[in-house]
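Heads up: the sequence lines are chains X and G, in that order.
First residue of the first sequence? That's 850 in my numbering, and the numbers climb one at a time after it.
First residue of the second sequence? That's 286 in my numbering, and the numbers climb one at a time after it.
Ideal Cβ placement from N, Cα and C applies to all residues, glycine included.
Encoded as structure tokens, the structure appears first; notes follow it.
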Amino acid sequence: MGFPAPALRPLPTRGNLGHAAIFMVFPIFVLTFSMAVGSVWADDPKPKPDNTIHVALATPVTPQKFSRPVKFFVGDVIDRAGNPQPMLVTNARGGIFVDRLPVDIVREALESSLKAADMLSPDAASADLILNVYLFHFGLAPSLADFFGKIELAVAVKDPKSGKSQQITASGTSISHVAVRKKSEMKDLETDFNGALSDAVRNLLRGQALHDAVASAIESPASAGN
Amino acid sequence: MRTFVAISLAALAGILLAAAPARAKDSKGKYKTVEAKHFDRAEGVELMPEFSDYLYAELRSRLVKTKLFDQVIGEGEVVEEADAPASVVITGTLTEYKKGNAVESRVIGFGTGKRSLKLQVTLVRRSDKKNLGSLAVRVKADPRWNEKILAVEAAKQVANEVKSSLEHEGS
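Encoded structure:
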């Protein structure tokens, strides 16, 4: 009587183990590819007609009055914001863009306002003063639950006769609420940017800083109020 | 009967038409312009750099809603000589800011540990720099809230105080 010797019983091995591994490769590949493609798309939205807003002044800003008629020429408008995608407003919801470059938008706003008041000179040679504009911020400033549109300009007011130049600044802000639907959000953004642009142009053309710069350039007493 | 109805309707229309210009006149702002300047910060007030910009923008938007002013102009804009006596300039200083304590606020409650901001606001008439009022505003908010919400609350309170102060000034 003794214990029977333990017999090694062979465990059944899965014959198609290799096939199971092959089946797993395909979903992993698809998942990885879709994530990679998705991340590339998320990082680099493209402007299309349905994600582009039109930013322009609704009505030209009336510039302040000076002691004698002054003609301005809008010289260089240079983007100093350092934004690699200057037309991109926000990355959210597949990206929202402005329809033109910020420098073109600002130039058009300034020229239309000066032209409406008959203060725009057709060329630099016939202008009393040349405005060279540096755009330091054009877009959304950081905010929590709304759109905080902000435009910051530095303007060099140059007298072409004496060559003297004075630097002044102007800024415009606007706040609008975030909408639920993308279409409404784009409408709000458009209103927000138009408000900020109008505010910035108004701040420049009706600003005390421009008044002082013009007064010192043409050496005449102030005509507008303080 | 038909004549009576027609006369009544004509009389009602006449009253409404006569009242319309009066209503329009009432809804027009009492002051021509208001200029809100960026608020200064007292020493030790540690708020994020964008706070002043945001408060300025929000205050301007709130001042529009008071319907007390025809125009809310930007900082440093000129005003016509004729409009200067009916124009107001708002300056202010953020005098004290306490971050608050989220744990105290949650455990003790009853307003303890809340974030608080004190502002000193001055209203001046543009033409002769006459002081139209000095306001002390204190805003409290939950310590878990973002500072931007504090700015919104502050702007709301300042605009309300400005409105009540200027309405009181006129009466």
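Suppose you measure from the CA of residue i to the CA of residue j; what does that come to, to the nearest Å?
i: F324/G; j: K352/G; result: 22 Å
i: V947/X; j: V364/G; result: 33 Å
i: N932/X; j: L950/X; result: 11 Å
i: S450/G; j: S916/X; result: 37 Å
i: S1072/X; j: S975/X; result: Caution applies to S1072/X, whose pLDDT of 41 falls short of 50 and renders its modelled position unreliable; the value that the coordinates give is listed next. If I take the Cα positions, the gap works out to 23 Å.
i: K414/G; j: S1023/X; result: 28 Å
i: E366/G; j: G1056/X; result: 14 Å
i: A941/X; j: Q1015/X; result: 39 Å
i: L989/X; j: S346/G; result: 17 Å
i: K846/X; j: L980/X; result: Past the boundaries of the shown model lies residue 846/X; chain X is included only from 850 to 1075, so the question cannot be answered.
i: H903/X; j: S1065/X; result: 37 Å
i: Y404/G; j: A321/G; result: The sequence as given places Leu at residue 404/G; Tyr does not occur at that position. Going by the C-alpha atoms only, they are around 14 Å apart.
i: A369/G; j: R411/G; result: 5 Å
Would you say residue i faces chain X, with C-beta separation under 9 Å as the test?
i: R345/G; result: yes
i: A371/G; result: no
i: V504/G; result: The requested residue 504/G does not occur in the structure, where chain G is confined to residues 286 to 456.
i: E335/G; result: yes
i: D413/G; result: no
i: G394/G; result: no
i: D338/G; result: yes
According to DSSP, residue i sits in a beta bridge with which residue or residues?
i: T376/G; result: T407/G
i: S975/X; result: None; S975/X has no bridge partner.
i: Y382/G; result: L402/G
i: I358/G; result: E320/G
For residue i, is the classification buried or exposed, using 16 other Cβ atoms within 10 angstroms of its Cβ as the cut-off for buried?
i: V955/X; result: buried
i: V443/G; result: buried
i: P261/G; result: The structure shown does not extend to residue 261/G, since chain G spans only 286 to 456, so no value can be given for it.
i: G385/G; result: buried
i: N416/G; result: exposed
i: N1052/X; result: buried
i: H453/G; result: exposed
Under the assumption that residue i contacts residue j (Cβ atoms under 8 Å), give the Cβ distance between them as a whole number of angstroms.
i: D1041/X; j: G998/X; result: 4 Å
i: S970/X; j: K920/X; result: 4 Å
i: L963/X; j: I1000/X; result: So it is not a contact: roughly 17 Å between Cβ atoms.
i: F996/X; j: S1025/X; result: 5 Å
Can a CB atom of chain A be found closer than 9 Å to the CB of residue i?
i: V409/G; result: Protein chains in the displayed structure are X and G, and chain A is not among them.
Please report whether the beta-carbon of residue i lies at a distance below 9 Å from any beta-carbon of chain G.
i: A907/X; result: no
i: K999/X; result: yes
i: A1048/X; result: The question names Ala, but residue 1048/X in the sequence shown is Asp. Yes - at least one Cβ of chain G is within 9 Å of the one on D1048/X.
i: T1022/X; result: yes
i: Q1057/X; result: yes
i: A990/X; result: yes
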